[in-house]
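Peer 1:
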Amino acid sequence: MSDITKQSLSELVENIKSKKLSSSDVTKAFVERSEKSKELNTYITEDYANALNKAKKFDEKPNLDLKLPGIPMAVKDLFCTRDLRTTAGSKILNNFVPTYESTVTQNIWNEGAILMGKLNCDEFAMGSSNETSFFGNVQNPIDKNLVPGGSSGGSSSAVAAQLTPITIGTDTGGSIRQPASFTGTVGLKPTYGSCSRYGIVAFASSLDQAGPMAQNVRDCALLQEVISTYDEKDSTSIDFKRNEYSKELTKDIKGKKIGIPKEYRVDGMPKEIEDLWKKGIEYAKDCGAEIIDISLPHTNYALPTYYIVAPAEASSNLARYDGVKYGFRAEGENLIDMYEKTRSEGFGAEVQRRIMIGTYVLSSGYYDAYYLKAQKVRKLIKNDFDEAYKKVDAILTPSTPSSAFKIGEKTNDPVSMYLNDIFTVPVNLAGLPGISIPAGHDAKGYPLGLQIIGKAFDEQNILNIAYAMEEKINFKNNITDWWIK
Amino acid sequence: MSKNKSEYLINRHDNQYEVVIGLEVHAQVTSESKLFSTSATKFGAEPNTQVSLVDAAFPGMLPVINEYCVKQAIKTGIGLKAKINKRSVFDRKNYFYADLPQGYQISQFKDPIVGEGKVILDMPDGQKEVGIERLHLEQDAGKSIHDLDPKNTFVDLNRSGVALMEIVSKPDLRSPDEVNAYIKKLRSIMRYLGTCDGNMQEGSLRADVNVSVRKKGSKEFGTRCEIKNVNSIKFMQMAIEYEANRQVDLIEDGQTIHQETRLFDTKKNETRSMRSKEDAHDYRYFPDPDLLPLEVSDDFIENLKSEIPELPDEKKKRFIEKFKLSPYDANILVSDIETSNYFENVIKKSDVKLATNWIIGELFAALNEKNLEITESPISAGNLSKLINLIKDGTISGKIAKTVFEQMMEGDKDPKKIVEEKGLKQESDPKALEALIDKVIDDNRDKATEYKSGKVKLFGFFVGQVMKVSGGKANPQLVNEILKKKL
Numbered sequence: 511m512s513d514i515t516k517q518s519l520s521e522l523v524e525n526i527k528s529k530k531l532s533s534s535d536v537t538k539a540f541v542e543r544s545e546k547s548k549e550l551n552t553y554i555t556e557d558y559a560n561a562l563n564k565a566k567k568f569d570e571k572p573n574l575d576l577k578l579p580g581i582p583m584a585v586k587d588l589f590c591t592r593d594l595r596t597t598a599g600s601k602i603l604n605n606f607v608p609t610y611e612s613t614v615t616q617n618i619w620n621e622g623a624i625l626m627g628k629l630n631c632d633e634f635a636m637g638s639s640n641e642t643s644f645f646g647n648v649q650n651p652i653d654k655n656l657v658p659g660g661s662s663g664g665s666s667s668a669v670a671a672q673l674t675p676i677t678i679g680t681d682t683g684g685s686i687r688q689p690a691s692f693t694g695t696v697g698l699k700p701t702y703g704s705c706s707r708y709g710i711v712a713f714a715s716s717l718d719q720a721g722p723m724a725q726n727v728r729d730c731a732l733l734q735e736v737i738s739t740y741d742e743k744d745s746t747s748i749d750f751k752r753n754e755y756s757k758e759l760t761k762d763i764k765g766k767k768i769g770i771p772k773e774y775r776v777d778g779m780p781k782e783i784e785d786l787w788k789k790g791i792e793y794a795k796d797c798g799a800e801i802i803d804i805s806l807p808h809t810n811y812a813l814p815t816y817y818i819v820a821p822a823e824a825s826s827n828l829a830r831y832d833g834v835k836y837g838f839r840a841e842g843e844n845l846i847d848m849y850e851k852t853r854s855e856g857f858g859a860e861v862q863r864r865i866m867i868g869t870y871v872l873s874s875g876y877y878d879a880y881y882l883k884a885q886k887v888r889k890l891i892k893n894d895f896d897e898a899y900k901k902v903d904a905i906l907t908p909s910t911p912s913s914a915f916k917i918g919e920k921t922n923d924p925v926s927m928y929l930n931d932i933f934t935v936p937v938n939l940a941g942l943p944g945i946s947i948p949a950g951h952d953a954k955g956y957p958l959g960l961q962i963i964g965k966a967f968d969e970q971n972i973l974n975i976a977y978a979m980e981e982k983i984n985f986k987n988n989i990t991d992w993w994i995k
Numbered sequence: 132m133s134k135n136k137s138e139y140l141i142n143r144h145d146n147q148y149e150v151v152i153g154l155e156v157h158a159q160v161t162s163e164s165k166l167f168s169t170s171a172t173k174f175g176a177e178p179n180t181q182v183s184l185v186d187a188a189f190p191g192m193l194p195v196i197n198e199y200c201v202k203q204a205i206k207t208g209i210g211l212k213a214k215i216n217k218r219s220v221f222d223r224k225n226y227f228y229a230d231l232p233q234g235y236q237i238s239q240f241k242d243p244i245v246g247e248g249k250v251i252l253d254m255p256d257g258q259k260e261v262g263i264e265r266l267h268l269e270q271d272a273g274k275s276i277h278d279l280d281p282k283n284t285f286v287d288l289n290r291s292g293v294a295l296m297e298i299v300s301k302p303d304l305r306s307p308d309e310v311n312a313y314i315k316k317l318r319s320i321m322r323y324l325g326t327c328d329g330n331m332q333e334g335s336l337r338a339d340v341n342v343s344v345r346k347k348g349s350k351e352f353g354t355r356c357e358i359k360n361v362n363s364i365k366f367m368q369m370a371i372e373y374e375a376n377r378q379v380d381l382i383e384d385g386q387t388i389h390q391e392t393r394l395f396d397t398k399k400n401e402t403r404s405m406r407s408k409e410d411a412h413d414y415r416y417f418p419d420p421d422l423l424p425l426e427v428s429d430d431f432i433e434n435l436k437s438e439i440p441e442l443p444d445e446k447k448k449r450f451i452e453k454f455k456l457s458p459y460d461a462n463i464l465v466s467d468i469e470t471s472n473y474f475e476n477v478i479k480k481s482d483v484k485l486a487t488n489w490i491i492g493e494l495f496a497a498l499n500e501k502n503l504e505i506t507e508s509p510i511s512a513g514n515l516s517k518l519i520n521l522i523k524d525g526t527i528s529g530k531i532a533k534t535v536f537e538q539m540m541e542g543d544k545d546p547k548k549i550v551e552e553k554g555l556k557q558e559s560d561p562k563a564l565e566a567l568i569d570k571v572i573d574d575n576r577d578k579a580t581e582y583k584s585g586k587v588k589l590f591g592f593f594v595g596q597v598m599k600v601s602g603g604k605a606n607p608q609l610v611n612e613i614l615k616k617k618l
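Protein chains in written order, with the working numbering: chain V, 511 to 995; chain H, 132 to 618.
1. So N502(H) packs on M539(H), CB below 8 Å; how close in whole Å?
2. Would R888(V) count as contacting chain H if we go by Cβ distances under 8 Å?
3. Counting only beta-carbon separations shorter than 8 Å, does P147(H) have a partner in chain V?
4. Following the continuous alpha helix (DSSP H) through T580(H), name the residue where it begins and the one where it ends.
5. Quick check on S191(H) - is its C-beta less than 8 Å from some C-beta in chain V?
6. Between D545(H) and K523(H), is the Cβ-Cβ spacing less than 8 Å?
7. Terminal residues of the continuous beta strand (DSSP E) containing M626(V)?
8. Pick out whichever of F240(H), I432(H), F417(H) and F221(H) has its Cα sitting closest to the Cα of I205(H).
9. Please identify, using Cβ separations under 8 Å, the residues of the segment 708-727 of chain V that lie next to chain H, in order along the chain.
10. Between which two residues does the alpha helix (DSSP H) harbouring Y870(V) extend?
11. So which residues on chain C does Y235(H) lean against when the C-beta distance must stay under 8 Å?
12. Quick check: the Cα distance between I768(V) and M636(V), rounded to an integer number of angstroms?
13. At the level of alpha carbons, what is the spacing between L268(H) and F967(V)?
14. Reducing DSSP to helix, strand and coil, say where P689(V) ends up.
15. Using a Cβ cut-off of 7 Å, pull out every chain V residue sitting near N520(H), in sequence order please.
16. Please report how far the alpha carbon of T537(V) lies from the alpha carbon of S520(V), in whole angstroms.
17. Please confirm if the segment 649-669 of chain V is in contact with the segment 946-964 of chain V, defined as three or more CB-CB distances below 8 Å between the two stretches.
18. Report the neighbours of Y702(V) on chain H: residues whose CB is nearer than 7 Å to its CB, in chain order.
19. Counting only beta-carbon atoms, is V429(H) nearer than 8 Å to chain V?
20. Would P194(H) pass as an interface residue toward chain V - the criterion being a Cβ-Cβ separation below 8 Å?
21. Against Y817(V), what residues of chain H qualify as contacts under a CB-to-CB distance less than 7 Å, listed in chain order?
22. For D545(H), report the span of its beta strand (DSSP E) as first-last.
23. Taking Cβ positions, are F240(H) and I196(H) nearer each other than 8 Å?
24. Which one of I568(H), E475(H) and V150(H) has the shortest CA to CA distance from F454(H)?
25. With 16 other CB atoms within 10 Å as the buried threshold, where does A820(V) fall?
26. So, is the C-beta of A187(H) closer than 8 Å to a C-beta in chain V?
27. Please report the straight-line C-alpha distance between A976(V) and Y899(V), rounded to a whole angstrom.
28. At what residues does the beta strand (DSSP E) containing P443(H) begin and finish?
29. M511(V) to I983(V), Cα distance in whole Å?
30. Taking three-plus beta-carbon pairs below 8 Å as touching, is the segment 872-886 of chain V in contact with the segment 401-419 of chain H?
31. Can you tell me whether DSSP reads G705(V) as helix, strand or coil?
32. Mind the definition here: the segment 291-300 of chain H touches the segment 151-166 of chain H only if three or more C-beta pairs lie below 8 Å; say whether that holds.
33. Can you tell me the Cα-Cα spacing of Q596(H) and L555(H), whole angstroms?
34. Based on Cα-Cα distance, which residue from F857(V), C590(V), Y774(V) and K751(V) lies nearest to I963(V)?
35. Work out the CA separation of S716(V) and Q734(V) for me, nearest whole Å.
36. Can you list the residues of chain V that A229(H) reaches, using a CB-CB cut of under 7 Å?
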């Protein structure tokens, strides 16, 4: 079979289960393609030899009852992987090799998948273009010098370029959905508490969620089914009944009520985004859904709220990277000097900016005006959604206010970069599930995504809506393999 | 306020100053594992052998609350007659230090697990109530070791993450003696509850001491200084005395006191400025997003209440009412749970009054001399009880009993056996005693005549002689009776 890497996860699983393909065949194919694709800079750490060995071992005694039998995959470098370097895209963890495994990745290996390597991402997941990574930019396979989105930019690029059949990212303010939108792939941010945060390098604890990224909705559902488990090691993990999302997947969404929030028509939104949204509404109607206008009145405050809460938590979460215990250390005259040098040299500019913002908003005298106020607004934003869900089953919005931009285009303008997250951030603040599916192209031929936001724990419902709409949209990614010589 | 002689005042020129003290006691929770991890908490283990990935703050590691520590804190709250808060919140206290791996300490800031309570002190001039402001749970830090290497500091994380209760008193204490009584009472309550072993040498109990002074009669508080991390009662008392006098001197000199944190130098017996209010850390407290608010139900609290043993105050009351002990004796016997257990075991089968005297008198003195705790007493409660019964039933005299007691201290022997083996049994046969007494009178005819002619003081001489001749074994009461008749 020559075009193994073009197959979806579901196809690969079927072919391995029916013994048309071995794990070694599949792993070799993805490793070879990954090796030919270095120019995309998707990998921070490659583990190909081990992957091929594991595939061989799997084939010797294949367990075909598993959900991901012998499936190779690379994961975002924010997940701690036992004995394989985990950097979070930062110099400060450049030499860090965990002795432990994150719960989410452990769940994946337990179902038979095989680790190929660690994917590039913005430093500590802080960024919307993968340009803050210590390990350099990632190329979007859609076009040369185009950003793949962020922070899960290596993940989105790798899935779109078919270097891995599926992957996992993390989403704090849009870090799965925005890169999925920029690369024409599918990305799900689950309900807060659905996937364990144990062993994931923390950015903002009350917002971080791991989630699946794939080429289609079915693959996404299958991976979500694998990674979402209740975990006692994470106190914010929630013990609720989890569906077998892929088995219960259905295109029948007749009569589902889908809300269209008027506040998402932001000033200066490009016409093509507006048009995409309109088209999305038509697709939803075609699937039998009922469209209802709704209001989420505090939407405007979501971005400023996010840029107080997330940096505040980050400033504290990143305090542990001090050169004392592990990771990078710059020698200093004394303890304070060592701290200053280690953290000045070890963290990049964006991370330092957010640590400073976070430190500022938590400082005495400012705490009430910023952090406390932001927490109150966060509650109002959540109330908006609760109110809306009395009338609708799900909400449809664009995933991003624009298509992918060029590398370097926004690096000197952090605020314009932050605006990328305008449609995704409210979902994190409210702890809800959201999925981005590719829904069209802009004038340049770059992919555009639509976001479906669900009620808490209602992943099945938004997966179903996405599944139904996916068929109507019939999106085709236009990837020319321009980076392969 | 009482105006008695035990009032602690500092006199300068014509002014009298009152000292106002509040304590923040850090008590290590007695538990097998740490507050947010499963690492062990044993004291004295090899450095860095009781450290989990959570304690060392590895990337992606998350805290999970130890329910047992929560129970211990609530029990302590109940023991302090305090309000238990059904909802409390863990906050992060952010600061950088080499022995603080997370870069923050998980503590409780705005919403502690225990609210207002009280502790009753028994002072020589009566009881005194000290208010408790709050009790909260927090993590201990690791230990920096600066003296092993000329250039480097070593860090031991065994203590990192161990559960502490910070118990904050109201500024109700007025003297070093009251501080002494307060710490001892707090320690006693926690040891009764089994929530803190109170071992100050091992650092299980230490305190920050807030001291201010004001002119006697003034209602306003003076500016306070906080003396950090004092780890013995004696040092607390010395630090307070020094600090109060320093503040009085400043006021008398027309200077103002600056709110600051100070250190007590135990070698020089003085407090020194550590940092001023202006340099105080901004800890940037905020709720820890890795932990949900801690919620406990009424049932949870009620269940813990049912596990609370009789505490020192109640026990004292019972001892006074049931056993007719004096408040003074009762206080001593209930001061720690082991002593009161010992006492109650002794009196199960013997006379209360004798037991009280023997425990508070002979036993305490003997233990003190050997530097032993009551739990290490060579004499078991059962054997002390036997000894007391031998006295009570007249088998041996009190004096002989002391000899037997001394031998029992050398190894826990049955006093009956000692009495038998050494032939120490008291002579209580009137016939035998009469013969003895007749002989003594016969041998001292002249003195007997003097006695009869009115020199009654000589009676003691005859008793002494009889005891001497009997080798101390004669029953003194009978000797008295018979002597009176015969003389």
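Cβ atoms here follow ideal geometry from the backbone N, Cα and C, with glycine treated the same way. These figures come from a predicted structure and were not determined experimentally.
Peer 2: Reading off the structure:
1. About 18 Å separates the CB atoms of N502(H) and M539(H); that is not less than 8 Å, and the two are not in contact.
2. For R888(V), the answer is no, since every Cβ of chain H falls outside 8 Å of its Cβ.
3. Here the sequence assigns Gln to residue 147(H), which means Pro is not the residue at that position. Chain V places no beta carbon closer than 8 Å to that of Q147(H), leaving this residue out of the contacts.
4. Bounds of the alpha helix (DSSP H) holding T580(H) are R576 to K583.
5. Ser is not the amino acid found at residue 191(H); the sequence shown has Gly there. Chain V contact via Cβ: present.
6. Against a cut-off of 8 Å, the Cβ pair of K523(H) and D545(H) comes out as no contact.
7. It spans I624 to L629 - the beta strand (DSSP E) in which M626(V) sits, taken as one unbroken run.
8. Nearest option by C-alpha distance: I432(H).
9. Only Y708, G709, I710, V711, A712, A714, S715 and S716 from the segment 708-727 of chain V bring a Cβ to less than 8 Å from some Cβ of chain H.
10. Counted as a single uninterrupted DSSP element, the alpha helix (DSSP H) harbouring Y870(V) occupies residues A859 to L872.
11. Looking for chain C here will not work: the only protein chains present are V and H.
12. If you take the alpha carbons of I768(V) and M636(V), they lie about 31 Å apart.
13. Straight-line Cα distance between these residues: approximately 33 Å.
14. P689(V): helix per DSSP, three-state reduction.
15. Simply none; closest approach about 57 Å.
16. Using only the alpha carbons, I get a separation of about 15 Å.
17. Touching, per the Cβ criterion.
18. What Y702(V) touches in chain H: nothing, since even the nearest Cβ is about 11 Å away.
19. In the sequence on display, residue 429(H) carries Asp and not Val. False, the Cβ-Cβ gap to chain V never drops below 8 Å.
20. So, interface residue.
21. For Y817(V), none of the residues of chain H pass the 7 Å Cβ criterion, the least Cβ distance being about 16 Å.
22. Run containing D545(H): none; DSSP gives neither H nor E here.
23. In this structure, F240(H) lies away from I196(H), with their beta-carbon atoms at least 8 Å apart.
24. Per the Cα distances, E475(H).
25. With at least 16 other beta carbons inside 10 angstroms of its own, A820(V) counts as buried.
26. Output row for A187(H): interface = yes.
27. Each residue's CA atom was taken as its position, placing A976(V) and Y899(V) some 18 Å apart.
28. In the DSSP annotation of this structure, P443(H) is not part of any beta strand (DSSP E); the continuous alpha helix (DSSP H) holding it starts and ends at P443 to F454.
29. Here the model assigns M511(V) a pLDDT of 47, short of 50, so the residue's position is not dependable and the matter cannot be decided.
30. Flag = yes, the segment 872-886 of chain V and the segment 401-419 of chain H touch.
31. One point to set straight first is that residue 705(V) is Cys, not Gly, in the sequence displayed. Secondary structure of C705(V) (DSSP, three-state): coil.
32. The segment 151-166 of chain H and the segment 291-300 of chain H touch, with three or more beta-carbon pairs separated by less than 8 Å.
33. Roughly 18 Å between the two C-alpha positions.
34. Ranking the options by Cα distance to I963(V), first place goes to Y774(V).
35. C-alpha separation (whole angstroms): 20 Å.
36. Within 7 Å Cβ-Cβ: V834 and L845.
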